[in-house]
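Residue numbers (the working numbering), protein chains in the order written: chain H, 2 to 428; chain W, 2 to 428; chain S, 2 to 428. Just so it is clear, CB atoms sit at the ideal spot from N, CA and C, and this is done for glycine as well. If you're wondering where the values come from, they're calculated on a predicted model, not measured in any experiment.
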Amino acid sequence: MQALVERLYPICRSLTGPGNRQTLAIIGESVDLALTELPSGTEVFDWVIPDEWTPRSAEIVGPDGVARARFKDHNLHLLGCSVSVDREMDLAELLEHIYTLPDEPDLIPYVVSYYKRDWGFAMKDREKRALPPGRYRVTIDTTLEPGSMTFGEAVLPGRTDREVLISTYVCHPSMANDNLSGIAVAAALYRLVASMPDRHYSYRFIWIPETIGAIAWLALNQDHAKQKIAAGMVLSCVGDEGPLTWKLSRRGDTEIDRIARLVLARSDLDHRITPFLPAKGSDERQFGSPGFNLPVGLLSRSVPGEFRSYHTSGDTPDLVTAEGHAGSLKTAYEMIATLESNSIRYKRIDPHCEPMLSNKRLIQSVSIRNRPGYDMTADPLVALRWVLNYCDGEHDLLDIAELSDVPMPALASAAQRAHQAGLLTIV
Amino acid sequence: MQALVERLYPICRSLTGPGNRQTLAIIGESVDLALTELPSGTEVFDWVIPDEWTPRSAEIVGPDGVARARFKDHNLHLLGCSVSVDREMDLAELLEHIYTLPDEPDLIPYVVSYYKRDWGFAMKDREKRALPPGRYRVTIDTTLEPGSMTFGEAVLPGRTDREVLISTYVCHPSMANDNLSGIAVAAALYRLVASMPDRHYSYRFIWIPETIGAIAWLALNQDHAKQKIAAGMVLSCVGDEGPLTWKLSRRGDTEIDRIARLVLARSDLDHRITPFLPAKGSDERQFGSPGFNLPVGLLSRSVPGEFRSYHTSGDTPDLVTAEGHAGSLKTAYEMIATLESNSIRYKRIDPHCEPMLSNKRLIQSVSIRNRPGYDMTADPLVALRWVLNYCDGEHDLLDIAELSDVPMPALASAAQRAHQAGLLTIV
Amino acid sequence: MQALVERLYPICRSLTGPGNRQTLAIIGESVDLALTELPSGTEVFDWVIPDEWTPRSAEIVGPDGVARARFKDHNLHLLGCSVSVDREMDLAELLEHIYTLPDEPDLIPYVVSYYKRDWGFAMKDREKRALPPGRYRVTIDTTLEPGSMTFGEAVLPGRTDREVLISTYVCHPSMANDNLSGIAVAAALYRLVASMPDRHYSYRFIWIPETIGAIAWLALNQDHAKQKIAAGMVLSCVGDEGPLTWKLSRRGDTEIDRIARLVLARSDLDHRITPFLPAKGSDERQFGSPGFNLPVGLLSRSVPGEFRSYHTSGDTPDLVTAEGHAGSLKTAYEMIATLESNSIRYKRIDPHCEPMLSNKRLIQSVSIRNRPGYDMTADPLVALRWVLNYCDGEHDLLDIAELSDVPMPALASAAQRAHQAGLLTIV
């Protein structure tokens, strides 16, 4: 994952354009990706697909002859979707088009003007304050004209057409944790899920531009989204070593939310559950708009917007680590494994009393149990008694995991053995 | 409010009588008050309106010739509703008619005998213990005979006949926090509500004798109370600087209870929410009797019965302050403003995804948001996104305020702007 | 209770056999006990009644001529349901049949082989490690052949056939807290309930072998159990001075669970509520199997399995105390008294406002109440106001006790007085 982040880092992505296609082509090397090109001008709900943007070069040459804010030095220097400009102006006029972070004077901020034609530069505040007075030559060479917006999808079919949606975004220029980590973890997760035998759910992975990409995908798949999506997660900022964070889906108590609580609660890593906030985050805001209200949450480490280098040139590949990515991937995969385990519903055949276990080779005949300090969660008999009591047609394995502190894999295994012994039926 | 308290303080009020009419006349100087006179003997549910009481004078002259417990010195000296007496007796007999607080030897207690004909005096315990032995001349000059019970009502009509009830009591003799503060805050609140433009609710303010007054008002307005009252509050002990206190209505989760939680939680003042207790408090006990079960709570500062000078001569105008009254008035008014804001129900016209805001001049095109430390609750875009997501036909603005930490006025303003931009409809 | 424990301690009980009949005969001295003999081979749900076991003697004689692990010294030395054996063997072979607790080297563990024919001994680990090498003579003289399993029942009829079930077990050899304390408290509780006048509920006490006894009783009384049992408790480990513990019934919120919460919360003793766990405990696991799901919890002091001498020779009569037993008995009896109080449902005749109490001699006419520090829970007027407000047809006395902090006996008494005064009707 770290290598993929480093490889994708230099590319200048936006809502549209060649950088996005190049990114999707690299993802497609390890994922069976289908691309969609949506023409500029297409209406998607309240929105319109914008013109395609191709940045080529940009710089400011000062009265001292020094070239500054060069696009080729850092693609964050150029305002996202900036139009072309080529002329001289005084410092005062130039400053109206320069964006900085006064409280972070050594970081270039990430600034865009997606839906209003404008030009501009972003730079370090320290550099801006050192600009000498005088005449500046401003050159921006871009194209912003009808074309298309590109996104990629990959589906891993399961036994049913109930779908799990994994969504991440591909629209940020050079930033590592906010954007590339999600791309990399999604690609790795795709390969893990591809190797799961006998999947109950189908899995749909989408790599899309943030906001308008999600809106476009939902517009194109409106009925499908409402009828088929059983669970989902957006991946964002999953590469640093901040605490594992699940932002609840809008409904807050769906199966995937409960699974996230369970998996995080048993994780060795720091973790937290945060409520659904419509004002902040990523595409879970679109999936969780009231017309869809899908069971899709957001998995992150540090929360978007809450780490220092967020949306700046400080968000480099140094910020993300193998360990950070691995913790996110493991969590996402455990959530999916739990979802799969919970797709089988067992029920006691005769629900009266405990069954006789020793005659079914389910327990040893002579044993010393229940001594003080005895670790019950590790005892297969304990898992067995939980499933034999609570597989009553009203509780699924997730309910039992929540009630019992017994790990989900132990419950799933106990239920399988009880099923083989003729004590449980599959509903 | 402080001036009104001081002006009303010397008057001797009871369930009935000239002191009550004088009090209501003074309230009527600033409030458009309609008076009701209910004749003695009228049956109101399980109760009967008592005879009217007119106290004129009372004193005890001792063997030393000293006059004590004179009604003209403090009207708490005379047992409320005491009958007349004029005779000599020994100290022993006299003591059976004298009430004191042994644990507060310098305070005269407030004692009444509303429903059993009796005579008596209240005095400081220190004074009682100093009474010399010998013969005493006891003189009480009162009238207790058929007349009527008086109460006042003032209605401020709104667009609808759904009503908010503001109730306080006018039956205590010289006590400031317990009684006069409620009268004063209710009168000031009346004037504030009168100046609110375009009220959704109608507002009914009642100044009544405690318990029997509330019972009489409910008996006279039984169907009206059950059908029209949408919310209400009793005001009691709202003049000191104790923590703002909302005693929940009997149902505990009505709109006005939730609003009280919200407004208090965001108050700068100390505050607390207490459960509904039927055994203690004021007229919320009658409004919250099972046959009515109205959404009416109790707003107070110090809780009735829980401050040291409660129901004694220590409850003087010195106990209440301009700041104490103002905090109560502000809270009650904010609760009403929140209730009014929440009377409009908005709903997304097309609920799919977030609308495009920049093309509707609802947000700036270029902006740097979501930096660490950014104060989201102050951002109009944040309020806008909350209402655009949660105005789904299932949540009202109060729900959103509870979910979001965004202040109600910001939500109301965001909803208005989104309505003007054609994104929300009014249900 | 202590005396009964000491008298029963030496007897060797098991699932079946003469020790059980002897135990039930002793219980029957103070309880009107009906015995059931269930033949070996009878099928009860998934189980079969085992053969009857009669142990007579057992010992190991070593190469040094010393007799060890003698049944006559401690009946825990012999593996429960061990078959007979009489032969010589080397130490190595013998050790395969010896059970010890390495972490408690001075305690003999309680070991059984109920459902697989085997022989064996239990001893102190320290003693086992000192066994000299060489030839051993092993002698076990038992009978294991068709007979019957015995259990006892005693019913105290009430006004209705709704039943309260009190269950405890009689299958452990010499252990005091785990087994005998339950037998003793159940017998004492039987006598207390027998002396309660005018019982609403009928009370069924059962003394049964653990697990298979409960399963057999449920099999024989399947419809009765489902239709008649209104509440119940299993008694186990109720003789030590550990904190009073109520393990919730499977449903967790039944009337008896709520009563346990209430009674324990107001107990002077340490106490705790634990969730229903199907993997650990006593016969509440059978009563709480999904096919029955009865409102039956477990009352204990120390929790079975969680005290040091549990299931060992350390669980002697010294471990249980008069105070320990008394605290359990008092708690169980208060729970039953609360259940009886709550069986009468009162309702206000006219639910509007508070009734006039002074004219019904329900309160004094002149009083000084509500002073700071006033103890409201001790005031009969407080209890009266609670029942007059909340006896609305939706709340029973238990609801009111939970809401109010007023003790149940005070509420029951207030409701009776209000009923006599014509304010409440019995539903």
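Given residue i as reference, the closest of the options once Cα atoms are compared
{"i": "Y391 (chain H)", "options": "S:F293, S:G243, S:E307 and S:A226", "result": "S:F293"}
{"i": "F449 (chain W)", "options": "W:A177, W:S85 and W:R386", "result": "Residue numbering for chain W in the displayed model covers 2 to 428; residue 449 (chain W) lies beyond these limits and cannot be assessed."}
{"i": "N180 (chain H)", "options": "H:C13, H:D74 and H:L34", "result": "H:C13"}
{"i": "R160 (chain W)", "options": "W:S329, W:G183, W:S344 and W:D284", "result": "W:S344"}
{"i": "I27 (chain W)", "options": "W:L5, W:T17 and W:P40", "result": "W:L5"}
{"i": "L245 (chain W)", "options": "W:S329, W:P158, W:E60 and W:K281", "result": "W:S329"}
{"i": "S301 (chain S)", "options": "S:L389, S:L270 and S:A411", "result": "S:L270"}
{"i": "K229 (chain H)", "options": "H:V165, H:A384 and H:N76", "result": "H:V165"}
{"i": "D33 (chain H)", "options": "H:A402, H:I427, H:A93 and H:L157", "result": "H:L157"}
{"i": "P19 (chain H)", "options": "H:W218, H:I207, H:K331 and H:P174", "result": "H:P174"}
{"i": "A422 (chain H)", "options": "H:L363, H:N76 and H:S250", "result": "H:L363"}
{"i": "T169 (chain H)", "options": "H:S310, H:E335, H:H201 and H:F288", "result": "H:F288"}
{"i": "N440 (chain H)", "options": "H:I167, H:V171 and H:Y115", "result": "Only positions 2 to 428 of chain H appear in the structure, and residue 440 (chain H) is not among them; the question remains open."}
{"i": "M336 (chain S)", "options": "S:V297, S:S85 and S:D87", "result": "S:V297"}
{"i": "P305 (chain H)", "options": "H:R205, H:Y202 and H:D241", "result": "H:D241"}
{"i": "T143 (chain W)", "options": "W:P40, W:E53, W:K361 and W:M409", "result": "W:E53"}
Distance, residue j Cα to residue i Cα
{"i": "T101 (chain W)", "j": "K125 (chain W)", "result": "6 angstroms"}
{"i": "A226 (chain W)", "j": "D406 (chain W)", "result": "34 angstroms"}
{"i": "G214 (chain W)", "j": "T43 (chain W)", "result": "12 angstroms"}
{"i": "L9 (chain W)", "j": "T24 (chain W)", "result": "7 angstroms"}
{"i": "S283 (chain S)", "j": "W387 (chain H)", "result": "15 angstroms"}
{"i": "V264 (chain S)", "j": "E324 (chain S)", "result": "18 angstroms"}
{"i": "A413 (chain W)", "j": "I207 (chain W)", "result": "30 angstroms"}
{"i": "D258 (chain W)", "j": "R163 (chain W)", "result": "17 angstroms"}
{"i": "I427 (chain H)", "j": "S290 (chain S)", "result": "19 angstroms"}
{"i": "G66 (chain W)", "j": "H326 (chain W)", "result": "44 angstroms"}
{"i": "A384 (chain W)", "j": "E30 (chain W)", "result": "43 angstroms"}
{"i": "E89 (chain W)", "j": "S15 (chain W)", "result": "27 angstroms"}
{"i": "T37 (chain H)", "j": "F152 (chain H)", "result": "5 angstroms"}
Terminal residues of the beta strand (DSSP E) in which residue i lies
{"i": "A155 (chain W)", "result": "S149 to L157"}
{"i": "E38 (chain W)", "result": "A35 to P40"}
{"i": "E285 (chain W)", "result": "Run containing E285 (chain W): none in the beta strand (DSSP E); it sits in the alpha helix (DSSP H), E285 to F288."}
{"i": "W120 (chain W)", "result": "Careful: W120 (chain W) lies outside any beta strand (DSSP E) and carries neither H nor E."}
Proximity below 8 angstroms, CB of residue i to CB of residue j
{"i": "V113 (chain H)", "j": "G81 (chain H)", "result": "yes"}
{"i": "A188 (chain W)", "j": "F46 (chain W)", "result": "no"}
{"i": "E154 (chain S)", "j": "A35 (chain S)", "result": "yes"}
{"i": "V186 (chain H)", "j": "R138 (chain H)", "result": "no"}
{"i": "L236 (chain H)", "j": "G183 (chain H)", "result": "yes"}
{"i": "G121 (chain S)", "j": "T17 (chain S)", "result": "no"}
{"i": "G253 (chain H)", "j": "L295 (chain H)", "result": "no"}
{"i": "Y111 (chain W)", "j": "H312 (chain W)", "result": "yes"}
{"i": "P393 (chain W)", "j": "K348 (chain W)", "result": "Here residue 393 (chain W) is Asp; the residue named in the question, Pro, does not match the sequence. Contact: yes."}
{"i": "C354 (chain H)", "j": "I216 (chain S)", "result": "yes"}
{"i": "A231 (chain S)", "j": "W247 (chain S)", "result": "no"}
{"i": "A59 (chain H)", "j": "H78 (chain H)", "result": "yes"}
{"i": "K117 (chain S)", "j": "S268 (chain H)", "result": "no"}
Residue range of the unbroken alpha helix (DSSP H) whose run includes residue i
{"i": "V415 (chain H)", "result": "It is worth fixing the name first, because residue 415 (chain H) is Ala in this sequence and not Val. Its alpha helix (DSSP H) spans residues M409 to Q421."}
{"i": "S329 (chain W)", "result": "A323 to S342"}
{"i": "K125 (chain S)", "result": "Taken as a continuous stretch (DSSP letters only), K125 (chain S) belongs to no alpha helix (DSSP H), as it is neither H nor E."}
The ligand SAH heavy atom lying under 7 angstroms from the CB of residue i
{"i": "T322 (chain W)", "result": "For the structure depicted, the ligand SAH is absent and the ligand set is empty, with no information on it obtainable."}
Report yes or no: do the segment 133-149 of chain S and the segment 270-280 of chain S share at least 3 C-beta pairs separated by less than 8 angstroms?
Too few Cβ pairs lie closer than 8 angstroms, so no.
Does the segment 316-328 of chain H come into contact with the segment 195-212 of chain H, if we say contact requires no fewer than three beta-carbon pairs (one atom in each stretch) closer than 8 angstroms?
The segment 316-328 of chain H, when compared against the segment 195-212 of chain H, does not touch it at the 8 angstroms Cβ threshold.
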